[in-house]
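Chains A and B are the protein sequences, given in the same order.
Following numbering that gives the first Met the number 0 from start to finish, the first sequence increments by one per residue and tops out at 54.
Following numbering that gives the first Met the number 0 from start to finish, the second sequence increments by one per residue and tops out at 287.
Some notes on the structure that comes next.
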Amino acid sequence: MTQLCPECDAAIAMPEQAKLSEIIECPDCRSELEVITIEPLVLALAPEIEEDWGE
Amino acid sequence: MQRHGAAVGVAASRVRFEEKAIMAALERRRVPFQPFDTRTLWLDLQGEPRLPYAVVLNREIAQTRSAYLARLLESFDVPTINPARAVEVCGDKFLTSTRLHRAGLPTPRTALALTTGAAASAMEQLGFPVVVKPLVGSWGRMVALVRDREAAAAVLEHREAMPAPQARIVYLQELVDKPGRDIRVIVVGTEPLGATYRTAGQWRTNAAQGAVSTRCPLTDDLAKLAVAAAEAVGAEVAGVDLLEGRDGELYVLEVNHNVEFRGFHAAHGDRVDVAGAIVGHALRWVRP
Chain A
0 MTQLCPECDA AIAMPEQAKL SEIIECPDCR SELEVITIEP LVLALAPEIE EDWGE
Chain B
0 MQRHGAAVGV AASRVRFEEK AIMAALERRR VPFQPFDTRT LWLDLQGEPR LPYAVVLNRE
60 IAQTRSAYLA RLLESFDVPT INPARAVEVC GDKFLTSTRL HRAGLPTPRT ALALTTGAAA
120 SAMEQLGFPV VVKPLVGSWG RMVALVRDRE AAAAVLEHRE AMPAPQARIV YLQELVDKPG
180 RDIRVIVVGT EPLGATYRTA GQWRTNAAQG AVSTRCPLTD DLAKLAVAAA EAVGAEVAGV
240 DLLEGRDGEL YVLEVNHNVE FRGFHAAHGD RVDVAGAIVG HALRWVRP
């Protein structure tokens, strides 16, 4: 299954069992994308890194 | 008292390699689990909700949200891994340092200054170079290597201009003359799973700064120190970062409560199953 990158419109091959909130990188524009719904499968730009993110 | 459900909750706002590996390990063991997006969670403190979780694996990437998530769930008697106190301690470099120091573990010389002016005085007394770190933060971001008085003035001026009051509390640390790498040991429960070298072409050796992970022999010294560090901060799952000084001395640098293990897995392959160990540790909270 493929989805279009919401940033650059490139076709992205999706993993077979995509998870909600999964982070996927567009192979063309390198944008970080987030799976925001599974049915239907929708990708959106992932939130930017915030100051307190980490391990 | 068991008013909640029997599932393992997997709390995350970003599902990455680690979260997928944990969910795959839960599936392999046929453990009922429920992932949930922390950005959607709210609970009425006066309510008596029956939550579906026997335990929650806290994989939230944002420190502030992670700490409140753990506190919120614990207030409803849902245990979290890591426990809230460990999340708070590990998420604050000063609190971590005090716990490590109190436990008698070797750490780089560290100071805390309560204003930028006091930080300037501290640097003069401690000497250069010195490392300035944010109290909260990870992946080596906003960590500055200050080599002289001029660089110190610039860094402290920037700190003074930052809006958060915490920016004016300055955490200073001796620069350990390390051999271009640090060591990450992953501890689950009281078991050290393995170690990796993280090697970089620059002084910061965080994986997020491009460091490459390779296998490191898990010596007794490393294992003991890492387990003691995890215990000192109360972490049940921990990524312990250690430095080797030129004198061969080992130092505990910090303990990560929300350990990332993609690089560790790349170095060790399937020989070490971090996700499986985390799940195994969580199962003690799940009724048979």
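We treat Cβ as the ideally placed atom computed from N, Cα and C, and that holds for glycine.
Every value quoted in this text rests on a predicted model; they were computed, and no experiment measured them.
Close beta carbons around residue i, own chain, < 6 Å, minus the five adjacent residues each side
i     : result
B:P78 : V54 and W284
A:C28 : E6 and C7
Proximity test, Cβ basis, 8 Å: residue i and chain A
i      : result
B:V14  : yes
B:V135 : yes
B:E259 : yes
B:P31  : no
B:A11  : yes
B:K19  : yes
Contacts around residue i, its chain only, beta-carbon distance under 8 Å, and the 5 residues preceding and following it disregarded
i      : result
A:L40  : M0, Q2, M13, A17 and V34
B:L217 : V184, P191, G193 and A194
B:A20  : F260, H264, V273 and A274
Cutoff 8 Å: residue i Cβ touching any chain B Cβ
i     : result
A:E47 : no
A:D51 : yes
Residues that residue i contacts on chain B, provided the C-beta gap is smaller than 7 Å
i     : result
A:E38 : Ordered by position in chain B, no residue passes the 7 Å Cβ test against A:E38, which lies about 15 Å from the chain.
Contact set between residue i and chain A, taken where Cβ atoms lie within less than 7 Å
i      : result
B:N255 : E54
Residue i: contacting residues in chain A (beta-carbon distance under 8 Å)
i      : result
B:V186 : Within chain A, no residue comes near B:V186; the closest Cβ sits about 14 Å away, beyond 8 Å.
Closer than 9 Å at the beta carbon, the chain A residues around residue i
i      : result
B:W284 : Result: empty, since nearest Cβ-Cβ is about 23 Å, beyond 9 Å.
B:T34  : For the sequence presented, residue 34 of chain B should be read as Pro rather than Thr. Neighbours of B:P34 on chain A, chain order: K18, L19 and S20.
B:W138 : I48, W52, G53 and E54
Own chain partners of residue i with C-beta closer than 7 Å, once the 5 adjacent residues on each side are dropped
i      : result
B:W92  : The displayed chain sequence assigns Lys, not Trp, to residue 92 of chain B. For B:K92, where only same-chain residues beyond five positions count, the Cβ hits under 7 Å are K132, L134, Y170 and E253.
B:D176 : G244 and R245
B:A281 : V7, V54, L56 and I80
B:R203 : G139 and V142
B:R38  : S12
B:P48  : L42 and F75
Chain C contact for residue i (CB, 8 Å cutoff)
i     : result
B:G90 : This model lacks chain C altogether, as its protein chains are A and B.
Exercise for review: Quick one: which residues of the region 8 to 23 of chain A get their C-beta closer than 7 Å to a C-beta of chain B? List them in chain order.
Suggested key: K18, L19, S20, E21 and I22
Exercise for review: Report the residues of the region 45 to 67 of chain B with a CB closer than 7 Å to any CB of chain A, ordered along the chain.
Suggested key: I60, A61, Q62 and T63
Practice item. Just list the beta strand (DSSP E) runs in the region 192 to 263 of chain B, keeping only unbroken ones of 3 residues or longer that don't cross its boundaries, in chain order. Key: 211 to 215, 236 to 243 and 249 to 255
**Study point:** beta strand (DSSP E) runs contained entirely in the region 103 to 132 of chain B, provided each spans 3 or more residues
**Key:** Within the region 103 to 132 of chain B, the runs of beta strand (DSSP E) at least 3 residues long that lie entirely inside it are, in chain order, 109 to 112 and 129 to 132.
Practice item. Write down every uninterrupted run of the alpha helix (DSSP H) in the region 125 to 170 of chain B whose length is 4 residues or greater and which is fully enclosed by it, in chain order. Key: Unbroken alpha helix (DSSP H) stretches of 4 residues or longer found wholly inside the region 125 to 170 of chain B: 148 to 160, given in chain order.
Check your understanding: Got a sec: which bits of the region 226 to 251 of chain B sit with their beta carbon under 7 Å from any beta carbon on chain A, in order along the chain?
Key -> G238
Review point. In the region 53 to 100 of chain B, which residue ranges form an unbroken alpha helix (DSSP H) of at least 4 residues, counting only runs that do not cross its ends?
Key: 62 to 74 and 83 to 89
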